[in-house]
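Novice:
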Amino acid sequence: MNYVEKEIHINNQRLILNNLRAVFWADHKSIIVSDLHVGKSKHFRKHGIPISSKVQESDLERLHFLITLYKPERLIIVGDLFHSGHKDEVSIFKKWLERFPLLEVHLIKGNHDRISSNSPAVNNLYIYDDELKLTPFIFVHIPIDAVKDFTISGHLHPGIRLKARGRPGITLPCFKLCKTQLVLPAFSLFTGLATESIRKSNSYYAFTDTSFYEF
């Protein structure tokens with residue numbers, strides 16, 4: 000599987016951005032992702048929209064590759080691991096996670112993570128309602144303007160649209176870096192992009208299958 004990386008430093012911590020839509024927090028031996036939406040394709044099929052299950056399989060294969068690549072001790076998911084929290088979705092992730100019995104998974108609940116009390120128990124899955132604090136970062140689902148600590152979040156599915164005179168524009172997913180927060184792209188490929196114009200006060204790390212572009 001082809002991948003490229005872009006290393007950045009925040010609060011004296013090494014964060015390795017990957018064009019497979021993840022961050023490796025090297026100093027903490029953690030992979031950080033957002034918006035996997037496990038079960039989304041099945042949810043659409045249930046409502047008569049023919050979406051292949053291979054979309055979800057591809058997402059989980061990429062995550063498997065990243066875990067094999069970086070060998071993390073923990074996986075931090077900043078929201079929307081599941082699309083609805085139905086027990087079938089939890090079972091899918093539980094079965095996948097059995098490949099990594101020593102991996103800790105920390106989920107900060109997103110607006111789609113409506114996990115019910117009768118959902119199957121998942122070993123090594125730790126769930127947080129609002130935030131997870133791991134110095135020097137706060138992990139949340141929806142971006143917030145932190146007063147002191149730097150936040151890492153998801154939810155927005157950030158992207159940028161690039162235009163060139165006389166040529167059609169292109170839209171790329173990106174990692175969006177602001178003064179006090181880093182917003183991750185959606186990990187699932189079955190998501191849209193919330194595109195915005197480039198602001199000088201922010202940094203954007205857009206990517207393709209072969210390259211990173213910093214704006």
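Letter 138 of the sequence shown, counting from 1, is numbered 137 in numbering that gives the first Met the number 0, and no numbers are missing. Ideal Cβ positions, reconstructed from N, Cα and C, are used throughout, including at glycine.
#1: Determine whether the beta carbon atoms of G191 and V77 lie at a separation below 8 Å.
#2: Can you tell which of A185, S187, L181 has the C-alpha that lies nearest to the C-alpha of Y203?
#3: Excluding the 5 residues flanking A205 on each side, which residues of the same chain have their C-beta closer than 6 Å to its C-beta?
#4: I'd like to know whether the C-beta atoms of V221 and E88 end up nearer to each other than 8 Å.
#5: Using three-state DSSP, classify V3 as helix, strand or coil.
#6: Who are the near neighbours of F92 in its chain, counting only those whose CB is closer than 6 Å to its CB and skipping five residues on each side?
#7: If you run the structure through DSSP and keep just helix, strand and coil, what is E103?
#8: Is DSSP giving H8 helix, strand or coil here?
#9: Identify whether I75 lies in helix, strand or coil by the three-state DSSP scheme.
#10: When burial is assigned at 16 or more other CB atoms within 10 Å of the CB, is P100 buried or exposed?
#11: Quick check on the burial criterion: 16 or more other C-beta atoms within 10 angstroms. Buried or exposed for D79?
#12: Report yes if the C-beta distance between P142 and L155 is below 8 Å; otherwise report no.
#13: Assuming I137 contacts L106 under a Cβ cut-off of 8 Å, what Cβ separation, rounded to an integer in Å, is found between them?
#14: Can you look up L183 in the DSSP assignment and give me helix, strand or coil?
#15: Apply the 10 Å Cβ neighbour rule to P135 and answer buried if 16 or more other Cβ atoms are within range, or exposed otherwise.
#16: For N10, count neighbouring C-beta atoms within 10 Å of its own C-beta (all shown protein chains included) and say buried if the count is 16 or more, exposed if not.
#17: Quick one, which of H8, I197, K94, I7 has its alpha-carbon nearest E56's?
Specialist: Based on what the coordinates show:
#1: no
#2: L181
#3: I159, L171, C173, Y212
#4: Since the first residue of the chain shown is 0 and the last is 214, residue 221 is not available in this structure.
#5: coil
#6: V37
#7: strand
#8: strand
#9: strand
#10: exposed
#11: buried
#12: yes
#13: The pair is not a contact, with the Cβ atoms about 15 Å apart (cut-off 8 Å).
#14: coil
#15: exposed
#16: exposed
#17: K94
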